[in-house]
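Student:
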Amino acid sequence: MANRPLVFGVLNVTPDSFSDGGLWNSPSSAIEHARGLVADGADVIDVGGESTRPGAARIDDGEERRRVEPVIRALVEEGISVSLDTMRADTARLGIDLGVAYINDVSGGLSDSAMLGVIAESEVTYIAMHWRGESDTMDANANYRDVTRDVLSELRVRIDAIHIAGIAPSKLWIDPGLGFAKTADHNWQLLRDLNQLVALGYPVLVGASRKRFLAPFGELPTDRDQATAIISVLSAEAGVAAVRVHDVARTVGALQVRHSWWGDSR
1 MANRPLVFGV LNVTPDSFSD GGLWNSPSSA IEHARGLVAD GADVIDVGGE
51 STRPGAARID DGEERRRVEP VIRALVEEGI SVSLDTMRAD TARLGIDLGV
101 AYINDVSGGL SDSAMLGVIA ESEVTYIAMH WRGESDTMDA NANYRDVTRD
151 VLSELRVRID AIHIAGIAPS KLWIDPGLGF AKTADHNWQL LRDLNQLVAL
201 GYPVLVGASR KRFLAPFGEL PTDRDQATAI ISVLSAEAGV AAVRVHDVAR
251 TVGALQVRHS WWGDSR
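In terms of this note's numbering, the sequence shown has 37 at position 37, counting the first letter as 1, and numbering is strictly consecutive.
1) Does the distance from the CB of Phe217 to the CB of Ala227 come in under 7 Å?
2) What residue from Asn143, Gly166, Ser81 has the CA that sits closest to Glu121's CA?
3) Have a look at the DSSP bridge pairing and note the partners of Arg244.
4) State buried or exposed for Pro176, treating a residue as buried only when at least 16 other CB atoms are found within 10 Å of its CB.
5) Alpha carbon to alpha carbon, how far is Ser26 from Ala92?
6) Check whether the segment 183–201 and the segment 149–158 touch, using three or more Cβ-Cβ pairs below 8 Å as the test.
7) Got a sec? Which residues, its chain only, sit under 6 Å from Gly133 by beta carbon, not counting five neighbours each side?
8) Please classify Ser83: does DSSP put it in a helix, a strand, or coil?
9) Tell me which residue opens and which closes the alpha helix (DSSP H) that Leu220 is part of.
10) State the start and end residues of the unbroken alpha helix (DSSP H) segment that holds Ile164.
11) Check whether the segment 36–44 touches the segment 2–10, taking contact to mean three or more Cβ pairs, one atom from each stretch, closer than 8 Å.
12) Please classify Leu23: does DSSP put it in a helix, a strand, or coil?
13) For Val252, tell me which candidate among Gly263, Leu205, Ala229, Ser153 has the shortest Cα-Cα distance.
14) Does Gly41 come out as helix, strand or coil in the three-state DSSP assignment?
15) On the DSSP bridge assignment, give the partners of Val198 in chain order.
16) Determine the extent of the beta strand (DSSP E) in which Ile127 is found, giving its start and end residues.
17) For the segment 100–118 against the segment 81–88, are there 3 or more C-beta pairs whose distance is under 8 Å?
18) Suppose the cutoff is 6 Å on Cβ atoms and the five residues either side in sequence are ignored; what does the same chain contact list for Asp247 look like?
19) Since Lys111 contacts Met87 with CB under 8 Å, what's their CB separation in whole angstroms?
20) Can you give me the Cβ contacts of Ile231 inside the same chain, cut-off strictly under 6 Å, excluding the 5 residues immediately before and after it?
21) Can you give me the Cβ contacts of Ala128 inside the same chain, cut-off strictly under 8 Å, excluding the 5 residues immediately before and after it?
22) Do you know how far the Cα of Thr52 is from the Cα of Met1?
23) Starting from Leu116, follow the alpha helix (DSSP H) in both directions and report where the run begins and ends.
24) Leu172 lies in the alpha helix (DSSP H); which residues open and close that run?
25) Assign Ile31 to buried or exposed, taking buried as 16 or more other Cβ atoms, counted over all protein chains shown, within 10 Å of its Cβ.
26) Give the DSSP-derived three-state secondary structure of Asn141 in the structure shown.
27) Here's the rule: buried if 16 or more other CB atoms are within 10 angstroms of the residue's CB, otherwise exposed. What is Leu200?
28) Leaving out five residues on either side along the sequence, give the residues of the same chain with a beta carbon under 6 Å from the beta carbon of Lys182.
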């Protein structure tokens, strides 16, 4: 489909993620769910072994690797494109050795000083998110004069650091970090201003799926999939490279409607 954003299907192999913690705890259930996401149209499976929901405490790095290794190994062996959602250099190195295509670092290299060096030594694509602190403290950091201007400025600082570390511009994506040290109003402003993030010249990933700022559209996280799908379409209109969602089928369907609307013209 012409100019359709890639769809990253969320696969949390955690007991405590805000939407689906514990549902895919075993490698067999996680792998089966990933296959279902691919059948629904996911281009990439984003595997995470540590929850980054608001208030979440960090886990042991060995536990994170234990959770993700069998799942990544199986998916890569099946030819499925995998993104590894991690802030740790050692976990990223494991994923790279197993053949992941993307490292999705919500800290943008700020959590682990060794991360950028690991990425620079690989051919993996690095997704750097805007970040202002750990999940258990980030809400206290949701203070901005102008959220779009401040996020752009802070992302530019990270982009410079990432390039200085030796990561090629062609291997870098960015993410505005919806829900991370941001209020609902901040998130909506960033979504309205996505064109400004795209204008930085790097592929943009948007991760709005089921987040708490969508609560007016559904009390339970799973009730927010329709709003998520609409945001996916509007993000596509703004020119983003990818959307990260839990309900792949609904977002893929919404993007197919967009394609039918525009045909091959967009």
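Don't be surprised by glycine CBs; every beta carbon is placed ideally from N, CA and C.
Nothing here was measured: the structure is a model prediction, and the numbers come from that model.
Tutor: Reading from the atomic positions:
1) Translated into positions along the sequence shown, residue 217 becomes position 217. Translated into positions along the sequence shown, residue 227 becomes position 227. For the 7 Å CB-CB criterion, Phe217 and Ala227 form a contact.
2) Counting from 1 along the sequence shown, the entry for residue 121 is found at position 121. Per the Cα distances, Gly166.
3) Reading the sequence shown from its first residue, position 244 is the one you call residue 244. For Arg244, which the question treats as bridged, DSSP gives the partners Phe8.
4) Mapped onto the sequence shown, residue 176 falls at position 176. Buried, by the Cβ-count rule.
5) Residue mapping note: residue 26 aligns to position 26 of the sequence shown, counting from 1. Residue mapping note: residue 92 aligns to position 92 of the sequence shown, counting from 1. About 21 Å.
6) yes
7) Numbered from its first residue, the sequence shown carries residue 133 at position 133. Around Gly133: Asn141.
8) Residue numbering aside, residue 83 sits at position 83 when the sequence shown is read from its first letter. Ser83: strand per DSSP, three-state reduction.
9) Residue 220 sits at position 220 when you count from the first residue of the sequence shown. No alpha helix (DSSP H) contains Leu220, which DSSP labels as neither H nor E.
10) Indexing the sequence shown from 1 puts residue 164 at position 164. For Ile164, the enclosing alpha helix (DSSP H) covers residues 147–164.
11) yes
12) Locating residue 23 in the sequence shown gives position 23, counting from the first residue. Reduced to three states, the DSSP call for Leu23 is coil.
13) As a working note, residue 252 is residue 252 in the sequence shown. Answer by Cα proximity: Ala229.
14) The residue labelled residue 41 in the question sits at position 41 within the sequence shown. Judged by DSSP in its simplified three-state form, Gly41 adopts coil rather than helix or strand.
15) Along the sequence shown, one-based indexing puts residue 198 at 198. Under DSSP, Val198 takes part in no beta bridge, so it has no partner.
16) Looking up residue 127 in the sequence shown gives position 127. Ile127 -> beta strand (DSSP E) spans 125–129.
17) yes
18) On the sequence shown, residue 247 is found 247 positions in, with the first residue counted as 1. Contacts found: Asp225.
19) Counting from one through the sequence shown, the residue named residue 111 turns up at place 111. Counting from one through the sequence shown, the residue named residue 87 turns up at place 87. The question names Lys, but residue 111 is Ser in the sequence shown. Ser111 to Met87, Cβ: 4 Å. Contact.
20) Locating residue 231 in the sequence shown gives position 231, counting from the first residue. So the list reads Ala208, once near-sequence residues are dropped.
21) Against the sequence shown, residue 128 aligns to sequence position 128. The beta carbon of Ala128 lies closer than 8 Å to those of Asp105, Gly108, Gly109, Leu155, Arg158, Ile159, Ile162, Leu172, Trp173, Ile174, Asp175 in the same chain, with the five residues before and after it left out.
22) Translated into positions along the sequence shown, residue 1 becomes position 1. Translated into positions along the sequence shown, residue 52 becomes position 52. At Met1 the pLDDT is 47, less than 50, meaning the model places this residue with poor confidence; the figure from the coordinates comes in the next sentence. Between Met1 and Thr52, the C-alpha separation is close to 32 Å.
23) As a working mapping, residue 116 is identified with position 116 in the sequence shown. Element bounds for Leu116: 115–120.
24) Stepping through the sequence shown from its first residue, residue 172 is reached at position 172. Secondary structure note for Leu172: it is in no alpha helix (DSSP H), and the uninterrupted beta strand (DSSP E) holding it is 172–175.
25) Mapped onto the sequence shown, residue 31 falls at position 31. Classification for Ile31: buried.
26) Working through the sequence shown from its first residue, we reach residue 141 at position 141. Correct three-state label for Asn141: helix.
27) Along the sequence shown, read from residue 1 onward, the residue named residue 200 stands at position 200. Exposed, by the Cβ-count rule.
28) Translated into the one-based positions of the sequence shown, residue 182 becomes position 182. Once the five neighbours on either side are set aside, the close Cβ partners of Lys182 are Ala142.
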